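Going by this note's numbering, the first residue of the sequence shown is number 938, and it counts up by one from there. In this text, a Cβ means the ideal position worked out from N, Cα and C, and glycines have one as well. On a predicted model such as this, the values are computed, not experimentally measured, just so you know. First up is the structure itself, then whatever we jot down about it.
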Amino acid sequence: MSWTPPAFSFSSSTPSQCLSLELHSDKEYPTNFARSAKWSPDGLSVLAHSENRTFQVFDMCVCTISSLFVESCVYSPDSAHLHETLPPGQSNAHLVSTLLHQPSPIIDYLWYPTATRHDPASYCFLASVRECPVKLLDASTGRLRASYKIVDHRERQVAPHCMAFNLTASRLYCGFEDAIEVFDINRPGEGTRMHTTPSKKSKDGLKGIISALAFSPGASYPDTYYAAGSLTPVSHNIVLYSESQGDAPVMFIGGGVGRNSPSYGGVVQLRFNPLKPHILYASFRSRHAHGHIYAWDLRMSDSGESNPPYQVFQTSSGPSQQKASIQAKETNYNQKLFFDVDVTGKWLSVGDQFGQISVFDLDSDLDASSQGDSMGSIQQQLPEQDVLHPSCRFEAHIDAVSSTCLNPCFPLLLSTSGSRRFVEDLGDVGDEVRHRNDANEHEVVNVGLEEHDADSLVGDLRPITLDSSVKVWWSG
């Protein structure tokens, strides 16, 4: 059976919700939510990382995907409600869910590159759990297959903040403070440490916690290049390395030429375009970079340093009218919001703090009218860039969209929602949630505000969640 890439239709229609995945209830975490979720490489499984230190694996089949297509045709995105949910009984009735508990908070996770439920040997994923070795876990049973340990100078177990396989899936790269640990995936145990800075006091190299790793798909070993990003909010906190050159940087990437160029903040995520391996996308965690994704053309460089990003993708300029009560409050700029690029390199999807999902057409011509004043304070600091706006934007959740993921085999978009909020900071959001529930009785909303009276929760230090849903959208 030959593989064909999914045909998304974001430019012609708004995605319709076809499935809602329910997280396992947990009495110790009544306001549990999914921090992020990822499709498996075969597009038939979902791996969700939850706030309550658990992984949850949802298994589907081709028959389930076919039924989703039929069900999605029933609900029109042009109806009175922008997106309808499935009736209660059909939310995850077709799915088998496996719950995998972890002893400590989960930092990062990663599917094995060829994982598929039809090949039990490859159906596994890597997990980075605080104060534990990196675990290779069986996705069906949670059984530990292998472990890869990182030990610091005080003989403590270090959990990496990011992980990535090289293109041949023979090596595992793990980023942590001032270093990258490289493991031979076939030899569990200790790896080889690659320091990203000569010393703690040195100002050279890539300093701080290595928070993001991404491999360029356009080369073969040993000429494979990969990018590493740091949480330290300095200029040029992204570095390009080569597998064959070890810890010698190939290029520094940042806001412009020179170390005095402006900084976007700490790096949250890096991603190369699958069909254009010279294009690198990055998101940052800071006030002025919030709501933007930056793209660099690595063919343009100056003395080992990249030029400023040639494109900036700007998400929603602000919340909708339904989010007016949240707009008055301080936006949470520290939460990580993960974006995704589909396997054809045409679509980029990302969520925002106000429950909206924006999808960009990476092949569309630049709109000259979009350049200039839309960049706000960033435009005053950085050279002029091409600012792109979404080809499709729709309201998906009533809380922050923590991650989006495009299916590699079917025209499906996966989204997760949830964030920690406190009652004294919510204002009239509780009334908004109740109004939203009355308008759509099938909406999956966290019960944190529904089971208690808001007045009785004032002063309670426990966080609550407005929306803890995991949704699948059809865009075919």
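In whole angstroms, what separates the C-alpha of residue i from that of residue j?
| i | j | result |
| --- | --- | --- |
| phenylalanine 1120 | threonine 951 | 43 Å |
| leucine 956 | valine 1409 | 5 Å |
| phenylalanine 1331 | cysteine 998 | 27 Å |
| leucine 1299 | isoleucine 1190 | 21 Å |
| tyrosine 1218 | phenylalanine 1297 | 13 Å |
| leucine 1074 | leucine 1063 | 6 Å |
| valine 1176 | proline 1042 | 28 Å |
| valine 1066 | glutamine 1094 | 10 Å |
| tryptophan 1284 | glutamate 1092 | 44 Å |
| tyrosine 1060 | serine 1139 | 43 Å |
| serine 962 | valine 1287 | 27 Å |
| arginine 990 | alanine 971 | 10 Å |
I'd like the list of long-range same chain contacts for residue i, defined as Cβ closer than 7 Å, with 5 residues on each side in sequence excluded.
| i | result |
| --- | --- |
| glutamate 1127 | Lys1086 |
| histidine 1098 | Ile1044, Asp1045, Gly1112, Phe1113, Ile1146, Ile1147 and Ser1148 |
| proline 1125 | Ala1083, Ser1084 and Tyr1085 |
Within 10 angstroms of its Cβ, does residue i collect 16 or more other Cβ (buried), or is it exposed?
| i | result |
| --- | --- |
| asparagine 1123 | exposed |
| alanine 1106 | exposed |
| aspartate 1160 | exposed |
| proline 1050 | exposed |
| alanine 1226 | buried |
| leucine 1081 | exposed |
| histidine 1055 | exposed |
| glutamate 1068 | exposed |
| glutamine 954 | buried |
| proline 1040 | exposed |
| arginine 1222 | buried |
Enumerate in chain order the residues of its own chain whose CB-to-CB distance from residue i is below 6 Å, with the five nearest sequence positions on each side excluded.
| i | result |
| --- | --- |
| aspartate 1279 | Leu1343 |
| isoleucine 1200 | The sequence shown places serine at residue 1200, not isoleucine. Closer than 6 Å at the Cβ level, and outside the excluded window around serine 1200, lie Pro1170, Val1171 and Ser1172. |
| glycine 1079 | Leu1037 |
| cysteine 1329 | Phe947 and Val1296 |
| serine 1354 | His1334, Asp1336, Val1338, Asp1404 and Ser1406 |
| serine 1058 | The amino acid occupying residue 1058 in the given sequence is alanine; serine does not appear at that position. Taken in chain order, the list of residues that qualify is empty. |
| arginine 1208 | Ala1151, Tyr1218 and Val1278 |
| arginine 1224 | Tyr1270 |
Among the candidates the options, whose CA atom is the shortest distance from the CA of residue i?
| i | options | result |
| --- | --- | --- |
| isoleucine 1401 | Met1100, Gly1155, Ser939 and Glu965 | Glu965 |
| proline 1348 | Arg1130, Phe1359 and Gly980 | Gly980 |
| glutamine 1272 | Leu1207, Pro1070 and Arg1357 | Arg1357 |
| aspartate 1089 | Lys975, Glu1118 and Ala1164 | Glu1118 |
| serine 949 | Leu1351, Ser1354, Pro1327 and His1334 | Pro1327 |
| alanine 974 | Asp1277, Leu1325 and Arg1399 | Asp1277 |
| proline 1214 | Leu1104, Met1131 and Ser982 | Leu1104 |
| phenylalanine 1250 | Arg1236, Lys1144 and Ala1232 | Ala1232 |
Below 7 Å, is the gap between the Cβ of residue i and the nearest heavy atom of the ligand FAD?
| i | result |
| --- | --- |
| valine 1088 | Here there are no bound small molecules, and the ligand FAD is not part of this structure. |
By the three-class DSSP mapping on this structure, what secondary structure does residue i have?
| i | result |
| --- | --- |
| serine 1181 | helix |
| tryptophan 940 | coil |
| arginine 1224 | coil |
| serine 1041 | coil |
| alanine 1165 | strand |
| lysine 1273 | coil |
| aspartate 979 | coil |
| serine 946 | coil |
| lysine 1072 | strand |
| leucine 1217 | strand |
| glutamate 988 | coil |
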